[in-house]
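Down below is the structure, laid out as structure tokens.
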Amino acid sequence: ERGFFDVVAHHPSTGMPPLPYVGRPWKMSLTPPVPAKPGPMMGEHNKLILSDLLGRNEADLATLEEEGVIGYAPASPRPVSRPSLDEQVRQGRMQRYETDYRKQVARVFPPPESL
């Protein structure tokens, strides 16, 4: 209603639905708002920064990737373990949870245009 939240569409590979995040608390009369967008994926800007801005060539990028200096995914990802929602309630980490939160969020914050 007041435009306090921005709904951000996440990259499809994350499996996350569009979610509301706290937006900017100000409005400028002569500047149109910039639509909220998701953060970059890991390594998404490697080429832009290393080649376009710093002048590295494709061979340099390939060497850096082979040596594990840069990449597009964690080198040795570990599974994240977290307690179930019921266990988090039992531990006092949260008071309750909604099983249909996705429907509730979508009802109040319609998904933005896709990426």
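Read in order, the letters of the sequence shown are residues 13 to 127 in this note's numbering. In this text, a Cβ means the ideal position worked out from N, Cα and C, and glycines have one as well.
Item	Value
DSSP bridge partner residues for V34 (one or two, in chain order)	F17
G15 to E56 span [Cα, whole Å]	30 Å
Straight-line Cα distance separating E110 from L62	44 Å
I82, DSSP secondary structure in three states	coil
Span of the alpha helix (DSSP H) around N100	Just to set this straight, residue 100 is Gln in the shown sequence, not Asn. From DSSP, the alpha helix (DSSP H) with Q100 extends over L97 to R102.
V34 versus Q116, P52, P47 and E70, residue with shortest Cα-Cα distance	P47
For A85 and S54, believed in contact at Cβ under 8 Å, the rounded distance	A quick correction: the sequence has Met, not Ser, at residue 54. Sure, about 6 Å apart at Cβ, within 8 Å.
Where P29 sits in the DSSP three-state scheme	coil
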